[in-house]
């Protein structure tokens, strides 16, 4: 069993302790509340942009999309315009389904050796479900948090919050009394999805084998973020007004340390900061990379329209003249036409 | 053939990864899995670096002293030149969706044949050499130094990938392991680590125009045999033309079709079709001895070598002054023609935009490259009723169709061959979904791996394809595996003999030729292989 997750788990626990002890007992509230978040935001923004520019600076010498369906050819043959796009609109649709619906992952199959000799392929949807649940709940959580960074709170944020909590009123509220206006579905789903993705890495032997410590680290970070968030919201009932004041201070570049927030808040904030700073240097950059992936974002019309390679250079060639010079006699004997007769 | 019986090979598949982590599992080069090192003569002929005799099983690979430096520089260059490479090094999240998509993993169970891990072999070094985080975090971040063992692992596993791109279809970011393998092989070639089944065909293609090294007069001689055979079966004397200036169309096909059965029957099919079109419609098609190879073994070496070999197609079309080029049934040839040729060796502005002179159809999808796939061409002829066909002549065949990887996943040529098959034969059965069209499985011998010494790997890698064929054989009595790729025609007979001995292999245009009613033909009683036609034997006896 690949035990690399222990490194990551311990790393995240240490980070949590650092923030808690540092802010609570060490009197480092300014460091953890102001310096680190600003630093993390700068690293994230600069790092993200640098990474994208780094990729963009590399050439796309050949147009090599992976085609997943019928090409555009004869007029009476039905083209698969999305999976094998021949127009920009097709590419946009392909990318849309890829980025918003994880289309390629949706295709996932599972292969098994059945009865020792028969290979079977079955549709494997759980990774897709978990990935979708994870990313969308994360998105909703981030959108909800805009409440803390915008004043007045925009209508769309309120709407998202309403629907996020609304579902809970319908299904859960009558059973559980927590005393808050709503349980946010997104937080629960996020945590559940992260746990699923983690367990997958532990229990599927192949996935376990390929997993690096660097793969577990963000999972534990997000678990820590989700847990501390949920804890503050439902259990310690943190001073939301105080936090809003604090975050608005950060946004307006007049940061003030709030009085009434506890150590758990600093854990939450610190882990988010670490995640932001970690982002541009890690595989999390797939968020940006997917847009630039040449096998998906190019039109498959290479025989119809010429694609130019910016660094195309001349190479040594074996010309027809050289070829005929070598084989002229044999060619003439075999009755093949030649450019120059024998002297 | 491998010493292992099919049952033994199946029993050997163990999908459980070893107890030690992959970075700590040492490389073990096994007999039956690897290909022989390149013959120095071949490497020298095309001027590739570090020419020497070497043996992968020996400790010393006779590398240049500064091999690490060469590779580091080569790596950096390729990161700048290929956005694919740079992005694919960075964004993999190791979700494992690709893991069980590779035919080599399915057939061997070797975890380093999971596409993700094959790529990690390069990525681990990339992290160490080119990323700050990798340098700081080391193994925690998945980085490792490029040692001799790592290099050997590269060589071993990059020549266990047929660049079929099946994993790419399932990757949420479109990471294409074929692209990574291509880069890996380019790097290996920088220090002279090639395999002979690639290097010698490359040298042959460069010198004689085709990978078998057939010289022009010998090629003509081979065709003379085909002409005799065709006359025996049909009573018609056909006259294929070579190097003819001013012909309408230049035809280029993989040379595998000239050389060995069953490809030769496909070749006879092309010859008969062109004869038919000349007699009926006056279409003038020429073959070339100079550009006598469609397949591009340079593709399995480096982009530069690919370009060097590919240049012959346009050069010959220009010299002969043809209107456009027609290409035969081949897998990776079409990936190169479709996705690389115009970029590397174009623009082909000395030719006309391809129009079928017989049907008037404009091949809009090929208007820049000016090269049409023969399945598109023939499908168009059939659609316009330009071919007289007796599909009952293929009634002795129960056919299934193998999409070859490169046209399927690098082009999308899926329905044209199916249309042709349905018009030339009565019994066509699809293999199960998940094994056809863009999810098709490799023959296990592509990308230069069709050698003899790695037969165990080939049989293991071809298992998923063969298993699907076996399924339709048992269910529908399928006895013929049709394909549009010369490597398939070369690799499948051995694969079928091993896994499904009742099934034989056929090219698309062999079936077309069986069904084609040639002008002035005598009553046909056999197919091109001399097998009696169903329902025609009695008439012959009378």
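Protein chains in written order, with the numbering used here: chain A, 5 to 347; chain B, 109 to 650. We put the CB at the ideal spot given by N, CA and C, even for glycine.
Asked, Found
"Cβ of residue 567(B) within 8 Å of any chain A Cβ", "no"
"Beta-carbon neighbours of residue 519(B), restricted to chain A and to distances below 9 Å", "71, 75, 88, 304, 306, 307"
"Residue 174(B) classed as buried or exposed, judged by whether at least 16 other C-beta atoms fall within 10 angstroms", "exposed"
"C-beta atoms of residue 584(B) and residue 539(B) nearer than 8 Å", "no"
"Any chain A beta carbon closer than 8 Å to residue 393(B)", "no"
"Any C-beta of chain A under 8 Å from that of residue 410(B)", "no"
"In DSSP terms, what residue 126(A) is bridged to", "114(A)"
"Any 3 or more C-beta pairs closer than 8 Å across the region 476 to 491 of chain B and the region 510 to 525 of chain B", "yes"
"Own chain, CB closer than 7 Å to residue 144(A), minus 5 neighbours either side, in chain order", "164, 168, 190"
"Of the residues 581(B), 450(B), 531(B), 639(B), the one placed nearest residue 616(B), counting alpha carbons only", "531(B)"
"Sheet register partners of residue 592(B) (DSSP bridge)", "Residue 592(B) pairs with nothing; no bridge assigned."
"Environment of residue 434(B) [buried if 16+ CB atoms lie within 10 Å]", "buried"
"Runs of alpha helix (DSSP H) lying entirely within the region 277 to 359 of chain B, each at least 4 residues, in chain order", "285 to 298, 304 to 316, 324 to 342"
"Residue closest to residue 62(A), alpha-carbon to alpha-carbon, out of 158(B), 184(B), 152(B)", "184(B)"
"Where the alpha helix (DSSP H) containing residue 192(B) begins and where it ends", "191 to 198"
"The region 113 to 128 of chain A: positions lying closer than 8 Å to chain B by Cβ", "113, 114, 115, 117, 120, 121, 122, 123, 125"
"Per-residue DSSP class, three states only, for residue 263(B)", "helix"
"Proximal residues to residue 603(B) (C-beta, below 6 Å), its chain only, five neighbours per side dropped", "570, 574"
"Whole-number beta carbon distance between residue 371(B) and residue 598(B), since they are thought to touch under 8 Å", "7 Å"
"DSSP state of residue 251(A) mapped onto helix, strand, coil", "helix"
"Expected contact under 8 Å - CB spacing of residue 131(A) and residue 203(B) to nearest Å", "6 Å"
"Residue-chain proximity (residue 459(B), chain A), Cβ-Cβ < 8 Å", "no"
"Local Cβ density within 10 Å of residue 344(A), reported as buried at 16 or more and exposed below that", "exposed"
"Collapsed DSSP secondary structure at residue 271(A) in the structure displayed", "helix"
"Beta-bridge partners of residue 434(B), as assigned by DSSP", "359(B), 480(B)"
"Delimiting residues of the beta strand (DSSP E) encompassing residue 17(A)", "First-last for residue 17(A): 9 to 28, but that is the alpha helix (DSSP H), not the beta strand (DSSP E)."
"Closest residue to residue 74(A) among 514(B), 637(B), 415(B) (Cα-Cα distance)", "514(B)"
"Candidates 14(A), 27(A), 22(A), 69(A), of which the one nearest residue 261(A) by Cα", "27(A)"
"Inter-stretch contact (C-beta, 8 Å, three-pair minimum) for the region 206 to 220 of chain A and the region 137 to 155 of chain A", "no"
"Chain B contact for residue 345(A) (CB, 8 Å cutoff)", "no"
"Proximal residues of chain B, C-beta to C-beta of residue 335(A) below 7 Å", "324, 325"
"Contact list for residue 296(A) against chain B, beta-carbon separation under 7 Å", "191, 195"
"Touch test, the region 96 to 116 of chain A against the region 493 to 513 of chain B, Cβ-Cβ under 8 Å, three pairs minimum", "no"
"Residue 108(A) at chain B interface by Cβ criterion, 8 Å", "yes"
"Contact set between the region 260 to 287 of chain A and chain B, restricted to residues whose Cβ is under 8 Å from the partner", "285, 286, 287"
"Cutoff 8 Å: residue 141(A) Cβ touching any chain B Cβ", "no"
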